[in-house]
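Asker: Quick one: this structure, given as structure tokens, is what I'll be asking you about.
Protein chains in written order, with my numbering: chain E, 299 to 509; chain W, 683 to 1088.
Laid out in structure tokens, this is it:
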């Protein structure tokens, strides 16, 4: 059997994000600084280092030194991230609003697909929004039925590591730490580009309140 | 025991059980409509102080004491009332203890006993109250104020709970154990109640409350974080609505790439099984075992347009070739009839230089003979030539067949 260190290294080198939801054992392994050093020394051979985001809730491998090749890879990745940003954010808002939890998704939350589907089916505005989201290149759905659109979106999100399906037979999904990473990315963009997104949202909400 | 009080208490409990529907209705809806029930029942419940009328012209409501009893017994999560009146409880305890000590000193033992049971009751109700309050706070924490839906409401609920916790903690400071110790003096029972019981309950309560306090602050932070996140999401969507062409600068081109965007590419590919390693044989077998033999039925793949048109053909020619052996056997039997002499099968075979396998020829002759109708069979006599098998007894090896006419 492969050791815990081996498992962690394999996941990191495969470009995966390790959080408590995806792999609790590996995550706990990385909590100890001695283990982290061990992992670092192995990763260093392959020009990689261990990085964490979202208050150490997710770990992933980053490049140690960045040359031409690495920069090209990062550039491509960044393009993916920025293209995925809007569809993901709209999806997050849709889930949040339709489940009426008023809580934005974060690591460890469960989404019951059936529950979500019932609400979206009953609310034309949500159905329309779902249709719009499923048409983005990120999901690329051509299906006209709501059921197929929803399933495709969830399947894609599992592929991208934002969700996991703990039980293959049940349509219940768990949010991974990569969502928290996404929020970090959003916060970073907000700060660097000086968009003051939160203020904008508040102003808009204040306006609707006035109406 | 006071007989009148006992009777009245039983009557009260009976009334509660007789009108349980009405009481629960009042509990859930807050008030009851008098016109729905008979005036006699209402008057009875009012007499027993189960219901009361807060103001003239208002609907009847449950007495707060009864409501509290129900909330506590049912562990209803809607209850948010924290009774923090520890100061007055402690003052009562002090007074009662003084009564007890005075009664003891003056030798009024019956009275002292009654006072002691009163003190016991008060102490236990005080500890119960503390435990209930702690449980109430924790139950609200554990379902994260699930009874209100919006984050704003949760934040307000959280603030309320925090103020209640600090209020409780302030009240707990009223516990002056040095005074209580002095008060209980050398009386063993009193000391046990006022010092030991109260102290353990106090310590437990303090510990739980400080835990609850930190948990509440944690939760508040989380709720604020959620609120911030929602604002962030909505703000981003709004921003893109205002500026659809917005694209963040490519941070990966910066000389120092921010850690967030420095995500290394996938490097590793799954390894393969070593077919020469015996220890991996089981996995290997499993993989092989999962392979399916795919039998595609041809008829399903052939489409109707591809099928050749149906043509009528003479199939006789093919049949002839197939039955060459049969024809030869028939000729053999005919020759036997024509010549009227005994012929061995192998003789005939050599004379006509037939090109079948000799053994097949022999089988076919035997088969041909047995295949004849009973009537025809009677014309022929069949004799087998051969010898018993040298090795296996009971087996007879036929080397030739002689056929003649009867």
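The beta carbon of each residue, even a glycine, is placed where N, CA and C say it ideally should be.
From a predicted model like this one, the values you see are computed outputs, not experimental measurements.
Can you list, in chain order, the residues of its chain whose CB lies under 6 angstroms from that of residue 454(E), leaving out five sequence neighbours each side?
Answerer: Here the question's residue 454(E) lines up with position 156 in the first chain. Here residue 454(E) has 437 as same chain residues with Cβ atoms under 6 angstroms from its own Cβ, once five neighbours each way along the sequence are excluded.
Asker: Can at least three beta-carbon pairs, one atom from the segment 769-783 of chain W and one from the segment 796-806 of chain W, be found at a separation below 8 angstroms?
Answerer: Touching, yes, given that three or more Cβ pairs across the two stretches are closer than 8 angstroms.
Asker: Tell me, please, which residues DSSP counts as bridged to residue 734(W).
Answerer: Mapped onto the second chain, residue 734(W) falls at position 52. Answer by DSSP bridge pairing, in chain order: 743(W).
Asker: CA-CA distance, residue 1007(W) and residue 1037(W)?
Answerer: Numbered from its first residue, the second chain carries residue 1007(W) at position 325. Numbered from its first residue, the second chain carries residue 1037(W) at position 355. Straight-line Cα distance between these residues: approximately 10 angstroms.
Asker: Whole angstroms are fine: how far does the CA of residue 420(E) sit from the CA of residue 307(E)?
Answerer: To locate residue 307(E), count along the first chain from 1; it is residue 9. To locate residue 420(E), count along the first chain from 1; it is residue 122. Just so you know, the alpha carbons of residue 307(E) and residue 420(E) end up roughly 46 angstroms apart.
Asker: Am I right that residue 429(E) and residue 447(E) are in contact with their C-beta atoms under 8 angstroms? What's the rounded C-beta distance?
Answerer: Position 131 of the first chain, counted from the first residue, corresponds to residue 429(E). Position 149 of the first chain, counted from the first residue, corresponds to residue 447(E). Contact flag correct, Cβ pair sits at about 7 angstroms.
Asker: So what's residue 729(W) in DSSP terms, helix, strand or just coil?
Answerer: Taking the second chain and counting its residues from 1, the one referred to as residue 729(W) is at position 47. Judged by DSSP in its simplified three-state form, residue 729(W) adopts helix.
Asker: For residue 732(W), is the classification buried or exposed, using 16 other Cβ atoms within 10 angstroms of its Cβ as the cut-off for buried?
Answerer: Locating residue 732(W) in the second chain gives position 50, counting from the first residue. Looking at its Cβ environment, which holds 16 or more other Cβ atoms inside 10 Å, residue 732(W) is buried.
Asker: Going along chain E in order, which residues have a C-beta closer than 7 angstroms to the C-beta of residue 921(W)?
Answerer: Mapped onto the second chain, residue 921(W) falls at position 239. What residue 921(W) touches in chain E: 493, 495, 498.
Asker: Fully enclosed by the segment 371-416 of chain E, which alpha helix (DSSP H) runs are 4 residues long or longer?
Answerer: none
Asker: Run through chain W and tell me which residues come within less than 7 angstroms of residue 487(E), C-beta to C-beta.
Answerer: The sequence position of residue 487(E) within the first chain is 189, counting from 1. The CB of residue 487(E) comes closer than 7 angstroms to the CB of 930 in chain W, given here in chain order.
Asker: Hey, how far is the Cα of residue 383(E) from the Cα of residue 487(E)?
Answerer: Taking the first chain and counting its residues from 1, the one referred to as residue 383(E) is at position 85. Taking the first chain and counting its residues from 1, the one referred to as residue 487(E) is at position 189. Distance from the CA atom of residue 383(E) to the CA atom of residue 487(E), rounded to whole angstroms, is 11 angstroms.
Asker: When DSSP labels each residue in this structure, what does residue 689(W) get in the three-state scheme?
Answerer: For the purposes of this step, residue 689(W) is taken as residue 7 along the second chain, with counting starting at 1. Helix at residue 689(W).
Asker: Please decide whether residue 945(W) counts as near chain E, where near means a Cβ-Cβ distance under 7 angstroms.
Answerer: Taking the second chain and counting its residues from 1, one reaches residue 945(W) at position 263. Closer than 7 angstroms to some Cβ of chain E, the Cβ of residue 945(W) qualifies, so yes.
Asker: Can you find a CB in chain W that lies within less than 7 angstroms of the CB of residue 522(E)?
Answerer: Residue 522(E) is absent from the model: chain E starts at 299 and stops at 509.
Asker: Curious, which full-length alpha helix (DSSP H) runs of at least 4 residues does the segment 847-889 of chain W contain?
Answerer: 859-866, 870-873
Asker: Closest to residue 1035(W) by CA distance: which of 826(W), 857(W), 1010(W) is it?
Answerer: Against the second chain, residue 1035(W) aligns to sequence position 353. It is 1010(W) whose Cα lies nearest to the Cα of residue 1035(W).
Asker: Which one of 773(W), 874(W), 971(W), 712(W) has the shortest CA to CA distance from residue 746(W)?
Answerer: Against the second chain, residue 746(W) aligns to sequence position 64. It is 712(W).
Asker: For the segment 829-837 of chain W and the segment 898-910 of chain W, state whether three or more C-beta atom pairs, one from each stretch, are separated by less than 8 angstroms.
Answerer: Look at the beta carbons and you see the segment 829-837 of chain W touching the segment 898-910 of chain W: at least three pairs across the two are nearer than 8 angstroms.
Asker: Check the DSSP bridge columns for residue 1039(W) and list the partner residues they point to.
Answerer: Within the second chain, the letter at position 357 stands for residue 1039(W). Paired residues: none, contrary to the question.
Asker: List, in order along the chain, the chain W residues whose C-beta lies closer than 7 angstroms to that of residue 349(E)?
Answerer: Here residue 349(E) is taken as the residue at index 51 of the first chain, counted from 1. Residues of chain W passing the Cβ test: 941, 944.
Asker: Compute the distance between the beta-carbons of residue 310(E) and residue 360(E), then report whether it is under 7 angstroms.
Answerer: Start at 1 with the first residue of the first chain, and residue 310(E) comes out as number 12. Start at 1 with the first residue of the first chain, and residue 360(E) comes out as number 62. Contact: no.
Asker: Short of 9 angstroms Cβ to Cβ, which residues in the segment 899-925 of chain W face chain E?
Answerer: 904, 905, 907, 908, 909, 910, 911, 912, 913, 914, 915, 916, 917, 918, 919, 920, 921, 922, 924
Asker: Round the Cβ separation of residue 933(W) and residue 376(E) to the nearest angstrom and send it over; I've been treating them as touching at under 8 angstroms.
Answerer: In the second chain, counting from the first residue as 1, residue 933(W) sits at position 251. In the first chain, counting from the first residue as 1, residue 376(E) sits at position 78. With 8 angstroms as the limit, residue 933(W) and residue 376(E) qualify as a contact, their Cβ atoms being about 6 angstroms apart.
Asker: Applying the criterion that 16 or more other CB atoms from any shown protein chain within 10 Å of the CB defines a buried residue, is residue 350(E) buried or exposed?
Answerer: Position 52 of the first chain, counted from the first residue, corresponds to residue 350(E). The residue in question, residue 350(E), is buried, as its Cβ has 16 or more Cβ neighbours within 10 Å.
Asker: Could you say which of 719(W), 718(W), 946(W) lies nearest to residue 341(E) if we only look at CA atoms?
Answerer: Residue numbering aside, residue 341(E) sits at position 43 when the first chain is read from its first letter. Nearest option by C-alpha distance: 946(W).
Asker: Find out if the Cβ-Cβ distance for the pair residue 477(E), residue 403(E) is shorter than 7 angstroms.
Answerer: The residue given as residue 477(E) occupies position 179 in the first chain. The residue given as residue 403(E) occupies position 105 in the first chain. It is a contact, given that the beta carbons lie within the stated cut-off.
Asker: For the beta strand (DSSP E) containing residue 808(W), list its first residue and its last residue.
Answerer: Residue numbering aside, residue 808(W) sits at position 126 when the second chain is read from its first letter. Premise fails: residue 808(W) lies in the alpha helix (DSSP H), 791-824, not in any beta strand (DSSP E).
Asker: Between the alpha carbons of residue 422(E) and residue 452(E), how many angstroms are there, rounded?
Answerer: Taking the first residue of the first chain as position 1, residue 422(E) is located at position 124. Taking the first residue of the first chain as position 1, residue 452(E) is located at position 154. So the alpha carbons of these two residues sit roughly 20 angstroms apart.
Asker: What residues in the segment 383-405 of chain E have a beta carbon less than 8 angstroms from any beta carbon of chain W?
Answerer: 383, 384, 387, 388, 390, 391, 394, 398, 399, 400, 401, 402, 404
Asker: Rounding to the nearest angstrom, what Cα-Cα distance links residue 964(W) and residue 956(W) in this structure?
Answerer: Counting from one through the second chain, the residue named residue 964(W) turns up at place 282. Counting from one through the second chain, the residue named residue 956(W) turns up at place 274. Approximately 11 angstroms between the Cα atoms of the pair.
Asker: So, with DSSP's three-state summary, where would you put residue 1071(W)?
Answerer: In the second chain, residue 1071(W) corresponds to position 389, counting from 1. Three-state result, residue 1071(W): coil.
Asker: Pull up the distance between the alpha-carbon of residue 843(W) and that of residue 819(W), whole angstroms please.
Answerer: Counted from its first residue, the second chain places residue 843(W) at position 161. Counted from its first residue, the second chain places residue 819(W) at position 137. Near 7 angstroms, if we compare the C-alpha coordinates of residue 819(W) and residue 843(W).
Asker: In this structure, how does DSSP classify residue 440(E) when only helix, strand and coil are distinguished?
Answerer: Walking along the first chain from the start, residue 440(E) turns up at place 142. It is coil, neither helix nor strand.
Asker: Looking at C-alpha atoms only, which residue of 856(W), 1085(W), 1072(W) is the closest neighbour of residue 1047(W)?
Answerer: The residue labelled residue 1047(W) in the question sits at position 365 within the second chain. Per the Cα distances, 1085(W).
Asker: Does residue 483(E) have its Cβ less than 7 angstroms from a Cβ in chain W?
Answerer: Counted from its first residue, the first chain places residue 483(E) at position 185. Taking Cβ atoms only, chain W reaches closer than 7 angstroms to residue 483(E), which makes this a yes.
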